[in-house]
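Undergrad: Got a structure here, written out as structure tokens. Questions coming.
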Amino acid sequence: MKFMLFICVDTAALETLPEKPVEGPMPWADELNAAGIRLDGDRLRSPDAATTVRVRGGEVLLGDGPFAETKEVIIGYDVIECTNLDEAIAIAARHPVAEGGLIEVRPFFG
Amino acid sequence: MSDGRLVEHTGGEPDEVEALLAETFREEWSRVVATLIRVTGDWDLAQECAQDAFTQATARWRTDGVPRTPGAWLVTVARHRAVDLLRRRGLEAAKLRESLHLREVTVVDDASATISGTGWETLPDDQLRLIFTCCHPALALESRVALTLRTVAGLSTAEIARACLVSEATMAKRLVRAKAKIRDAGIPYRVPPADQLGPRTSGVLAVLYLLFNEGYAASGGDQWMRPPLCTEAIRLTRLLARLLPTDPEVAGLLALMLLHDARRAARVDSAGRLVTLADQDRTRWHRPQIDEGVATLEAALEHRSAGPYQLQALIAAHHATAPTAEQTDWSAIAGLYRQLLRVMPSPVVELNHAVAVAMSDGPAAGLTLVERLEADGRLVGYPPLAAVRADLLHRLGRHAEAADAYRTAIELAPTAAERDYLSGRRAELTG
Chain A
1 MKFMLFICVD TAALETLPEK PVEGPMPWAD ELNAAGIRLD GDRLRSPDAA
51 TTVRVRGGEV LLGDGPFAET KEVIIGYDVI ECTNLDEAIA IAARHPVAEG
101 GLIEVRPFFG
Chain B
1 MSDGRLVEHT GGEPDEVEAL LAETFREEWS RVVATLIRVT GDWDLAQECA
51 QDAFTQATAR WRTDGVPRTP GAWLVTVARH RAVDLLRRRG LEAAKLRESL
101 HLREVTVVDD ASATISGTGW ETLPDDQLRL IFTCCHPALA LESRVALTLR
151 TVAGLSTAEI ARACLVSEAT MAKRLVRAKA KIRDAGIPYR VPPADQLGPR
201 TSGVLAVLYL LFNEGYAASG GDQWMRPPLC TEAIRLTRLL ARLLPTDPEV
251 AGLLALMLLH DARRAARVDS AGRLVTLADQ DRTRWHRPQI DEGVATLEAA
301 LEHRSAGPYQ LQALIAAHHA TAPTAEQTDW SAIAGLYRQL LRVMPSPVVE
351 LNHAVAVAMS DGPAAGLTLV ERLEADGRLV GYPPLAAVRA DLLHRLGRHA
401 EAADAYRTAI ELAPTAAERD YLSGRRAELT G
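Chain order of the listed sequences is A and B. Per the UniProt record's numbering, the very first residue in the first sequence carries number 1; after that it's consecutive. Per the UniProt record's numbering, the very first residue in the second sequence carries number 1; after that it's consecutive.
Structural data, given as structure tokens:
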């Protein structure tokens with residue numbers, strides 16, 4: 001099964017994050033990449049940089065900021081391939097942001 | 001399974017066959033469903049086919065008697081039904097259908113017949129797989145309860161809806177959502193591996209204990225107790241204890257439930273009013289069940305790893321075996337609550353500890369602990385806190401304060417039976 005991991009932190013914690021992704025080794029991702037489990041993943045810029053796009057009556061409407069005002073914001077994602085939810089949970093639990101932040105685990109269709 | 005008792009019945013008195021059918025249903029339902037889910041991977045199909053097999057069994061067994069291995073008989077009938085349904089569904093299931101066809105199951109009416117290499121035999125772990133999946137922590141707690149009652153206990157949606165105080169439509173929706181989540185989220189149908197077995201077993205026990213408590217002290221509704229839930233919880237815990245014989249906490253929970261439930265008849269008087277432990281007629285306690293609870297607990301304690309359920313069962317055993325309320329060993333109970341606090345810190349346990357201390361060292365000592373608990377605010381709005389405080393003030397002769405505390409307790413009490421009891425106690429103050 002393919003799972004998307006949404007890496008989330010609460011808005012207060014967002015302020016304390018380094019502006020740019022940390023350079024150098026990332027044991028969690030490196031290990032999963034080597035095992036062929038992590039298919040993709042990246043860090044996203046803060047929700048301040050987000051723009052929402054919708055089309056209503058043929059008109060393109062833009063919004064400033066993320067689509068939903070929530071306590072948690074998505075700061076990155078990972079795509080992993082594993083056998084079942086239990087494995088995905090175990091992998092998510094080892095993600096460095098799981099402690100303090102939270103990881104939403106969502107299966108892909110198919 | 002009670003093969004020995006079932007085998008001789010061919011025909012028989014109608015009532016006897018009905019009773020045997022009911023017993024077989026309770027014994028075999030989860031086994032049949034569990035096996036069908038493992039083979040087909042389809043929860044709805046499994047339940048439908050199991051239901052169908054039991055319907056056929058009812059008709060057949062009434063005339064032919066109950067077969068020697070009813071479980072295997074039922075699995076075979078259910079399997080034929082599954083193949084049939086899958087055939088009707090067409091190509092989508094072609095591959096599965098093929099595998100079901102190729103695997104032939106031989107005779108089932110004879111216990112000496114071996115069923116091998118079919119994939120259809122009931123594996124010893126099938127029921128555990130089912131229980132662990134129904135209680136998977138990725139499901140909402142209310143879904144775990146509903147799924148366990150439906151799939152493991154075999155209750156109908158209507159029965160579960162009544163027990164959980166929601167409409168049948170709401171319960172049906174909850175069950176559909178839960179099954180969809182298992183399928184879509186990729187919840188595996190398996191017994192957790194050794195490194196996860198401990199915490200996952202605790203999760204299952206929590207669901208069973210919740211079920212029991214909801215039956216024992218209903219959180220809402222007109223009835224103070226809902227005994228069918230207690231009976232189901234005990235039956236399920238008994239099953240789990242049989243499947244996980246080396247986990248003393250499972251046996252501990254079973255003992256705890258048996259000991260509490262043994263007092264059921266004495267907890268309500270003829271007018272439906274709540275009777276507290278001290279005032280209960282101990283001759284109405286169910287002695288054989290207390291003996292079973294104590295024996296179960298003693299066997300569990302031999303593992304020398306007393307977790308929260310065994311400690312709570314020990315406390316319950318002290319109550320259940322005290323000849324009179326006055327002869328209760330409260331100082332031992334207070335000590336057990338302190339032990340319990342070390343393995344399971346909780347303000348509710350602290351409150352119970354305070355009650356035990358009040359009984360062994362006097363109401364003033366208990367009240368000191370209660371007031372400390374009140375001050376830290378973790379139990380704000382918790383009905384028993386106000387009731388305990390009222391009782392202790394009452395016993396200390398501080399009537400004006402007690403009256404205030406009773407008022408708060410009555411406002412917070414969740415059921416009419418409890419409100420009546422507290423009003424009665426308050427009336428003693430002014431009267």
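Ideal placement from N, C-alpha and C gives every residue a C-beta, glycine not left out.
1. Identify, in the order they occur along the chain, each residue of the same chain with its Cβ nearer than 7 Å to the Cβ of B:C135, setting aside the five sequence neighbours on each side.
2. Distance check for B:L123 and B:G117, CA to CA, integer angstroms please.
3. Which residue comes first and which comes last in the alpha helix (DSSP H) that contains B:F54?
4. Please name the residues in the UniProt domain "YCII-related" (2-107) of chain A whose beta-carbon is closer than 9 Å to at least one beta-carbon of chain B, in chain order.
5. Please confirm whether B:R31 and B:D126 have their CB atoms less than 8 Å apart.
6. Buried or exposed: A:K20, going by 16 or more other Cβ atoms within 10 Å of its Cβ?
7. Determine the DSSP secondary structure at B:G381, reduced to helix, strand or coil.
8. Which value, in whole angstroms, describes the spacing of the CA atoms of A:E99 and A:A93?
9. Cβ atoms of A:R43 and A:G76: under 8 Å apart, would you say?
10. Identify whether B:V268 lies in helix, strand or coil by the three-state DSSP scheme.
11. Please report the distance separating the alpha-carbon of B:G11 from that of B:G65.
12. Give the DSSP-derived three-state secondary structure of B:K181 in the structure shown.
13. What separation, rounded to the nearest whole angstrom, lies between the Cα atoms of B:L240 and A:G65?
14. Among the candidates A:E87, A:G63, A:M26, A:E15, whose CA atom is the shortest distance from the CA of B:I187?
15. Counting only the same chain and skipping the five closest in sequence on each side, list residues whose C-beta sits under 7 Å from that of B:R81.
16. In angstroms, rounded to a whole number, what distance separates the CA positions of B:A402 and B:A194?
17. For B:R389, count neighbouring C-beta atoms within 10 Å of its own C-beta (all shown protein chains included) and say buried if the count is 16 or more, exposed if not.
18. Could you work out which residue in A:P47, A:A90, A:F67, A:K2 is closest to A:V9 when comparing CA atoms only?
19. Answer yes if the stretch 242-258 of chain B comes into contact with the stretch 270-278 of chain B, meaning at least three C-beta pairs across the two stretches below 8 Å, and no otherwise.
20. Could you tell me the alpha carbon to alpha carbon distance between B:L297 and B:T40, rounded to whole angstroms?
21. Out of B:A299, B:P228, B:L139, state which residue places its alpha-carbon closest to the alpha-carbon of B:G154.
22. Tell me which residue opens and which closes the alpha helix (DSSP H) that residue 432 of chain B is part of.
23. Provide the residue span of the beta strand (DSSP E) that contains A:D30, from first to last.
24. Return yes when the Cβ of B:L256 is within less than 8 Å of the Cβ of B:A313, no when it is not.
25. What is the DSSP secondary structure of A:M4, counted as helix, strand or coil?
26. Could you name the residues that DSSP lists as bridge partners for A:D42?
27. When the Cα atoms are used, what is the spatial distance from B:V357 to B:A34?
28. From the DSSP output, in three-state form, read off B:E371 for me.
29. Which residues mark the beginning and the end of the beta strand (DSSP E) in which A:I37 is found?
30. In the DSSP output, what is B:L256 paired with across the bridge?
31. Roughly how many angstroms separate the alpha carbons of B:I115 and B:D184, rounded to a whole number?
32. Please classify A:F3 as buried or exposed, where buried requires at least 16 neighbouring CB atoms within 10 angstroms.
33. In whole angstroms, give me the CA-to-CA distance for B:R287 and B:T157.
34. Which value, in whole angstroms, describes the spacing of the CA atoms of B:V108 and B:T24?
35. Let me see if you follow: with CB-CB separation under 8 Å, is B:A185 close to chain A or not?
TA: Let me spell this out:
1. R144, T148, G203, V204, V207
2. With a pLDDT of only 41 at B:G117, under 50, the local geometry of the prediction cannot be trusted, and no value is derived from it.
3. 43-64
4. F3, C82, T83, N84, L85, D86, E87, A88, I89, A90, V105, R106, P107
5. yes
6. exposed
7. coil
8. 8 Å
9. yes
10. strand
11. Because the pLDDT at B:G11 is just 48, under 50, the model does not fix this residue reliably, and the point stays unresolved.
12. helix
13. 51 Å
14. A:E87
15. C49, D52, A53
16. 52 Å
17. buried
18. A:P47
19. no
20. 39 Å
21. B:P228
22. Since the first residue of chain B shown is 1 and the last is 431, residue 432 of chain B is not available in this structure.
23. A:D30 -> not in any beta strand (DSSP E); alpha helix (DSSP H) instead, spanning 27-34.
24. yes
25. strand
26. A:Y77
27. 47 Å
28. helix
29. Premise fails: A:I37 is in no beta strand (DSSP E) and is neither H nor E.
30. Bridge partners of B:L256: none, in fact.
31. Residue confidence is low: B:I115 scores 39 on pLDDT, short of 50, so the model does not pin down where it sits. No coordinate-derived value is stated.
32. buried
33. 34 Å
34. Here B:V108 scores only 39 on pLDDT, less than 50, and its place in the model should not be relied on; the value that follows carries that caveat. So the two alpha carbons sit approximately 15 Å from each other.
35. yes
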